[in-house]
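These notes are about the structure you will find just below.
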Amino acid sequence: MTSRLNPYISFNGNAREAMEFYRGVFGGDLTVSTFGEFGMPDPAFQDKLMHSRLDTPQGYTLMASDTPPGMTWNPGDTMTVSLSGDSNDGLREVWAKLAEGGEVKLPLEKQMWGDEFGQLVDRFGVPWMVNVAQPE
């Protein structure tokens, strides 16, 4: 996997509908993972999207999810910059630099899907998600 930088949009329960709409607009391949697939016990959230990714023929990538329980959804604050790649892409160093003077919301550490993942807001108020894929 090469490193990629793309928008990540949070939705208020309608991420699947939105991503299917975007697939109709741009074409491409849409992959989705639900909260239920990762063990969410709340029946109201089992079919909601924990993560989705649309890769288009034009080379665009759009990612999105439903806002999970316990997190607020505020229109206007629904975009995050997502940076993902392999462990040899220098993403841990990028994480450390982005965190300088910022606020780490979720430390960069191993997650249930096997990758290292973290969330922060940089010193300029820009939210970031960094995912470091683990070798297979």
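Each residue of the sequence shown is one higher than the last, beginning at 13 in our numbering. No residue lacks a Cβ here, since even glycine has one placed at the ideal position from N, Cα and C. This structure is a prediction, so every number in the text was calculated from the model and none was measured.
Closest by C-alpha distance to Asn26, out of Met62, Glu49 and Val37, is Met62.
The beta carbons of Thr79 and Ile21 sit about 10 Å from each other, so the pair does not count as a contact at 8 Å. Counted as a single uninterrupted DSSP element, the stretch harbouring Met75 is not any alpha helix (DSSP H) but the beta strand (DSSP E) occupying residues Thr73 to Asp78. Taken in chain order, the whole alpha helix (DSSP H) runs of length 4 or more contained in the segment 14-84 are 27-38.
Here Trp140 carries a strand assignment [DSSP, helix/strand/coil]. Assignment of Glu115 by DSSP, reduced to helix, strand and coil, places it in the strand class. Taking the Cα positions, Trp107 is about 14 Å away from Arg16. Assignment of Glu105 by DSSP, reduced to helix, strand and coil, places it in the helix class.
Nearest C-alpha to Gly40 among Ala30, Phe50, Pro19 and Pro69: Pro69.
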